[in-house]
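A quick write-up on the structure given underneath.
There are 2 protein chains.
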Amino acid sequence: MIKKILLTTLLFCAFLVGFAENGYRLWLRYDKIANNALLQQYRNSIQSFYCPETSPILAVARKELQTGLQGLLDKKTGASTTPGAASIVISVGQKNGGTKGIDYASLGKEGFVIRNITTNGRKQILIAANSDAGALYGVFHFLRLLQTNNDIQKVNITSIPKIQHRVLNHWDNLNRHVERGYAGISLWNWHTLPGYIDQRYIDYARANASLGINGTVLTNVNANALVLTDTYLQKVKALADVFRSYGIKVFLTARFSAPIEIGGLKTADPLNEEVQAWWKEKAAEIYKVIPDFGGFLVKANSEGQPGPQNYGRTHADGANMLADAVAPFGGIVMWRAFVYTNENPEDRVKQAYTEFKPLDGKFRKNVLVQVKNGPLDFQPREPFSPLFGAMPQTPLMMEFQITQEYLGQGTNLVYEAPMFKEVLQSDTYRQGEGSTVAKVIDGRLHDYPVTGIAGVSNIGNDINWTGHLFGQANWYAYGRLAWDHQLSATQIADEWIRQTFSSKKAVVDTIQSMMQNSYEAMVNYMTPLGLHHIMGTGHHYGPAPWIDNAGRPDWNPVYYHRADEKGIGFDRTTSGSNAVSQYAPELAKRFNNIQTCPEEYLLWFHHVPWNYTMKSGRTLWDELCLRYQKGVDEVRRMQKQWDSLRGSIDEERFRHVQMLLAVQEEEARWWRDACLQYFQTFSKQLLPEGVEKPAHSLEYYQKLKFPYAPGNG
Amino acid sequence: MIKKILLTTLLFCAFLVGFAENGYRLWLRYDKIANNALLQQYRNSIQSFYCPETSPILAVARKELQTGLQGLLDKKTGASTTPGAASIVISVGQKNGGTKGIDYASLGKEGFVIRNITTNGRKQILIAANSDAGALYGVFHFLRLLQTNNDIQKVNITSIPKIQHRVLNHWDNLNRHVERGYAGISLWNWHTLPGYIDQRYIDYARANASLGINGTVLTNVNANALVLTDTYLQKVKALADVFRSYGIKVFLTARFSAPIEIGGLKTADPLNEEVQAWWKEKAAEIYKVIPDFGGFLVKANSEGQPGPQNYGRTHADGANMLADAVAPFGGIVMWRAFVYTNENPEDRVKQAYTEFKPLDGKFRKNVLVQVKNGPLDFQPREPFSPLFGAMPQTPLMMEFQITQEYLGQGTNLVYEAPMFKEVLQSDTYRQGEGSTVAKVIDGRLHDYPVTGIAGVSNIGNDINWTGHLFGQANWYAYGRLAWDHQLSATQIADEWIRQTFSSKKAVVDTIQSMMQNSYEAMVNYMTPLGLHHIMGTGHHYGPAPWIDNAGRPDWNPVYYHRADEKGIGFDRTTSGSNAVSQYAPELAKRFNNIQTCPEEYLLWFHHVPWNYTMKSGRTLWDELCLRYQKGVDEVRRMQKQWDSLRGSIDEERFRHVQMLLAVQEEEARWWRDACLQYFQTFSKQLLPEGVEKPAHSLEYYQKLKFPYAPGNG
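Residue numbers (this note's numbering), protein chains in the order written: chain A, 0 to 712; chain B, 0 to 712.
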């Protein structure tokens, strides 16, 4: 009874602060600086600020400064009407020459400078840029310096985004269901738009602007043509009007068969003149309503979506038709390379390369081909897609998945920056050593005229935006890396932790350690050593390596792990599907040789005997089992670490994460026990020492059903 | 440009307070008392409080007092360890005789007393009850006294709920879609239960407890048997464990065919012994998991739901089988009277009475028959259901619809208390004059041994709970009336406004006036003079009186308005469908005579010639047109009234309501212009002076489509 009273009281305490600590404020909390010495330094050096208000974006920047300083310094900071007397000066462009010593040309459209200057003997902090958006980014960065407790006596920062188009992809349907969404439903309330502007539209734009995200694709890649009709365009306009003041452009997904579905045409053939004319008119109509419309994102001839191949045309034919329609208005087309034929392929991971490599150079200048980080589909770990580096004449943009479709969905704490970095730093060797994926997508390797990066959003209408509070860190990390992929995962985590929780050393160090280990932990308890695609069918929730009856062979887990009495893994070597040949010779050689193939990709490229000796000296079977166990142990370590923070973190957010970590530990055991017992039916070997006995039988796990798992379809 | 800057800044200002003023706090804000004299009075008379903490419910009461006083008095108020020294004393039961002068017997299980007492010369405020729940209700009521700025020098309140079961019905599906929900998706995140306890479950329970709501039906009446399986019962238990500490019992909807769907039986025949045994075992299983489980709510043989009639049995046979299963555990069955046969009936509104009246007295003691307020289906205005008063031997409970399925859904400000009161005060005449519906459902008229009232919830996962901020007032009003149906709509609105916005006279008076007029305004612009069921098919959004091709005749608006060149209205007189005969003779006579039939029900009971002379002296046609116009004018008046409050209300909530009122005005014009142009094709008469010219043609309105309108199906 007492226990229950305690629980109740505890839950209730959480409730008391609940209004404040529900996670809604994201990393833009602007709570009073806790370090008194620093607070004094800031208060002394910041008496007032000057920010011209000649545009909606600058009005936002000005407000942000006001709010931020008010909160962080806990005092009203006046806005000066002239730059002369102000402590902080926002300066846009080079009217009367701009500020000496600033290389405005190098800043480009969105870059900014923050530095200490002295004007008539007065110390000032200058935030300078060529554009209003650049100034806004500078303001957010300056406030971040304060929130993360940096010294502002000697600031000399020049920050320029390395990639032009930094966009979020929302897989949001018009009925507000979010495909692979685990944080409620879509933020976009299409029914009440355009008349009702939800406060969240504004808060969403502000959060993105604070990271430098400058584009958003509102609709699902599995597209609905209705969004291109006037009724919906008026709704899209209402959102675009809000986002514009935050430097964000709106994009839509274009359903390839729209000319038939809403245009009344008999075909959607990209070489048909009527079809081409229809898209040209449609583009003109859209730009009349939304003059700064960004353009289209297209998923074509993939998973049942219509496309140019329905008419015997190529992806280039399809993309170019749309590109020609938006080109006059400065729009772009992002064409996805995530395709696979409906016929059963010899190896699905080879298809994107096979279909797109030959099209290199055949796309219009305003087309980007959007390539998922790996050749399969956002698995916990994949080698980078061989397309990166293989299309020098075609701008390739990166598609990361922020939402954790295969990474624990809404209940697992998995910090994705280490995975993003692993991909970005991968060396394609296409122009010799050091030809990293990062250099491909930022355009340096092939001098791409246009560059882009996309993250599939994990945002929904849950109060805390991302369902799991730590999902916010992945949104944050994506945005920061999109701006500057050279930032380290550690540095980004440090920023996020300080802004989200506190700068107390114990808090920063503990959460940092949890976040840095979380990705590898998840890989271990789900798909260690290069395993992939062994999750439940449809909803992708939980393990189901035994599935062998899906609609087509390459939808089945058994297609990917190929476990048999001899061993396990997909032979993609020269003697197998030869997928290795899609990589540069140096890599093909390394991946092809079981001795040199990195163990984290071992079962991706090789079918390996159960008793094969691993670097650890253990057999593959023992190593596999111990990896699964290690994953579970790592989660338990995270639980202990988090528990050590009780009292250092408000009760509501503490309990939120604590409960979810308990769920994660349960799911990690589920993965371990289900997978190992299933693979055991092939290896015929016992679990090695140190691996816990399964809680249930294999049959038990095989019987589990989740008809209402979220994010499906 | 300047305009745009202003807009941006404005939206942005809203954002600044957004974290605080998003409506999440409902009516439990506990902001510091604004009136200084009163604040002093409160501070002086409240130094400390005593609340025993011998149960989870009392722990909640204690916390609530602490939070409430902390906020309202803006100072920490100590908790005494003994009653003697405290300013406020919570006293449960009659240990050592209880307090003199309190009639504990009359208080019953949930009633409470709040009064000033003097102990050893010390002035105290006593909150006494027989149960922990009663004390919790008393605490909430006391805090309400402070929040609504009452003098607490002379308090002598005895409050006892007039109805035993005061429940919310959630039409929430297991996939979180809410049927007829306009505030996002279901609060119940079945996927993460039982491991994750969302803070909202706690906040939801607290809000309901503050009103005295003591039961909640978690699942949709269009039921899914899966919720009765062990996996889901464990999830239900987790919710029940939270709600228990707030005095709230959990109920589930029982799908009648569950024995077949999850029980593996061949039949669900209520007279089949296997079926009876299955339900008995299922009930035992549920009560083992949830010892205080409330019982079942059932929709059977209605709109395609399975039921006893599939086996040639009566509703009584079905209800009694379930009643016998839960009876040993003290459970009840709420059996809905909302039924209609699949054959086309002569008049659908007669069916509930026709089917249930003959079953009076045939139900078990623990069965309540749940009757919608009107004989049709939650229309803007219906006469009360003739079943009320007609089943003296069967406890009837009221079913109100809080969610605004037919009352403007998520975008219209419609205060429902006046409608609830209109129904409750209706006189059935069944035991002579004064036999009101209220007296039926509170059990006084027929000495029902068990009483209940249900409200179909308007709650979803939107941050402000109800989508439209004023939807909170309907949740609040339902709860208050469920506790005490004698409260006036004005008094309830006064309480809600003061707690939600402020006690400033201008604010209270203005919003009071808006709320009181809003119901009649909506009836006028949607379905004046007794019109009904002329809304869009399926989603029920907007007007569509022309629909004549729905699946069955009585799903068509034309079935209900029967407009022709002669006139309009459904003849339910003795010369028509004779539905009037289902009422007591006094009423039948009044309704049957076009001269004495109240004009608000005129077209409900009579087919009336277009040139019939109304009480106003106008023809029916002119009166109809002017009513529609009046509805629009009333909305515009609400807009003016609300605009006058700018500055007296925080910007975020001000703009929220302002935008929605603009949408409401547009929808009111839509109803007027669509309905009048359509009826004009029959009346062949011009719009009278004072009625605005339609904005679009009839064809325009007939072409409108809303494939993704919320809450459908």
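Just so it is clear, CB atoms sit at the ideal spot from N, CA and C, and this is done for glycine as well.
In chain A, what lies closer than 7 angstroms to residue i by C-beta?
i	result
Asn174/B	Tyr707
Ile746/B	Any question about residue 746/B goes unanswered here, given that chain B covers just 0 to 712.
Asn457/B	Correct list: empty, because the minimum Cβ distance to chain A is about 15 angstroms.
Leu135/B	Within chain A, no residue comes near Leu135/B; the closest Cβ sits about 12 angstroms away, beyond 7 angstroms.
Asn21/B	Gln198
For residue i, name the three-state secondary structure that DSSP assigns.
i	result
Leu238/B	helix
Glu585/B	helix
Gly553/B	The residue you asked about is not Gly; residue 553/B is Asp in the sequence shown. It is helical.
Ser696/A	coil
Arg645/B	strand
Thr215/B	strand
Thr450/B	coil
Phe457/B	The sequence shown places Asn at residue 457/B, not Phe. If DSSP states are grouped into helix, strand and coil, Asn457/B belongs with coil.
Tyr558/B	helix
Leu9/A	Confidence in Leu9/A is poor, its pLDDT being 37 and thus under 50, which makes the residue's placement unreliable; the coordinate value appears in the next sentence. Three-state result, Leu9/A: helix.
Met0/B	Reliability of the predicted coordinates at Met0/B is poor, the pLDDT of 39 falling under 50, and the value obtained from them is presented with this limitation in mind. Coil.
Leu160/B	Residue 160/B is actually Pro in this sequence, not Leu. Pro160/B: coil per DSSP, three-state reduction.
Tyr245/B	coil
Starting from residue i, trace the alpha helix (DSSP H) in both directions and tell me its first and last residue.
i	result
Tyr29/B	Premise fails: Tyr29/B is in no alpha helix (DSSP H) and is neither H nor E.
Lys62/B	Pro55 to Leu72
Tyr755/B	With chain B running from 0 to 712 in the structure shown, residue 755/B is simply not present.
His314/A	His314 to Val325
Lys122/A	From DSSP, Lys122/A is part of no alpha helix (DSSP H) but of the beta strand (DSSP E) over Arg121 to Ala128.
Leu358/A	Per DSSP, Leu358/A belongs to no alpha helix (DSSP H) and is neither H nor E.
Considering residue i, what are the terminal residues of the beta strand (DSSP E) in which it resides?
i	result
Trp334/B	Ile331 to Arg335
Gly294/B	Gly294 to Val297
Gln392/B	Note, Gln392/B: premise wrong, no beta strand (DSSP E); not H, not E.
Lys371/B	Val366 to Lys371
Val91/B	Ile87 to Val91
Run through chain B and tell me which residues come within less than 9 angstroms of residue i, C-beta to C-beta.
i	result
Ile713/A	Missing from the structure shown is residue 713/A; chain A here goes from 0 to 712 and no further.
Leu659/A	Thr191, Gly194 and Tyr195
Val662/A	Thr191, Gly194 and Tyr195
In chain B, which residues lie less than 8 angstroms from residue i when you measure between Cβ atoms?
i	result
Glu665/A	Gly194
State yes or no: is the beta carbon of residue i nearer than 7 angstroms to at least one beta carbon in chain C?
i	result
Val631/A	Protein chains A and B are contained in the structure displayed, whereas chain C is not.
Which chain A residues are close to residue i, counting only those with a beta carbon under 8 angstroms from its beta carbon?
i	result
Asn555/B	Residues of chain A passing the Cβ test: none, with the nearest at roughly 24 angstroms.
Next on the checklist: Can you pull out the residues from the region 637-657 of chain B whose beta carbon lies closer than 9 angstroms to at least one beta carbon of chain A?
Outcome noted: Listed in sequence order: Glu651, Arg654 and His655.
Next on the checklist: Under 8 angstroms: do the region 643-652 of chain A and the region 573-590 of chain A share three or more Cβ pairs, one atom per stretch?
Outcome noted: No, the region 643-652 of chain A is not in contact with the region 573-590 of chain A.
Checklist entry - If contact means a Cβ-Cβ distance below 8 angstroms, which residues of the region 387-411 of chain B contact chain A? => result Legend: CB atoms of the region 387-411 of chain B lying less than 8 angstroms from CB atoms of chain A belong to residues Gly409 and Thr410.
Checklist entry - Any residues in the region 275-308 of chain A with a beta carbon nearer than 8 angstroms to a beta carbon of chain B? Which ones, in chain order? => result The residues in question: there are none.
Checklist entry - In chain order, what residues of the region 186-198 of chain B put their CB closer than 8 angstroms to some CB of chain A? => result Result list: Trp189, His190, Thr191, Gly194, Tyr195, Ile196 and Gln198.
Checklist entry - Taking Cβ-Cβ distances below 7 angstroms as the criterion, which residues of the region 206-224 of chain B are in contact with chain A? => result Those would be none; no residue qualifies.
Item to check | contact_flag[the region 412-423 of chain B, the region 304-323 of chain B] where n(CB pairs < 8 angstroms) is 3 or more | outcome: Too few Cβ pairs lie closer than 8 angstroms, so no.
Next on the checklist: Under 8 angstroms, CB to CB, which of the residues in the region 120-151 of chain B have a partner in chain A?
Outcome noted: Listed by position, the residues of the region 120-151 of chain B near chain A (Cβ gap below 8 angstroms) amount to none.
Checklist entry - For the region 362-374 of chain B against the region 150-168 of chain A, are there 3 or more C-beta pairs whose distance is under 8 angstroms? => result No, because fewer than three Cβ pairs between the region 362-374 of chain B and the region 150-168 of chain A fall closer than 8 angstroms, the two stretches do not touch.
Item to check | the region 216-235 of chain A contacting the region 158-165 of chain A, beta-carbon criterion three pairs below 8 angstroms | outcome: Judged by Cβ distances under 8 angstroms, the region 216-235 of chain A makes no contact with the region 158-165 of chain A, as fewer than three pairs qualify.
Next on the checklist: With three or more C-beta pairs closer than 8 angstroms as the rule, is the region 201-212 of chain B touching the region 475-482 of chain B?
Outcome noted: Output reads yes: the region 201-212 of chain B touches the region 475-482 of chain B.
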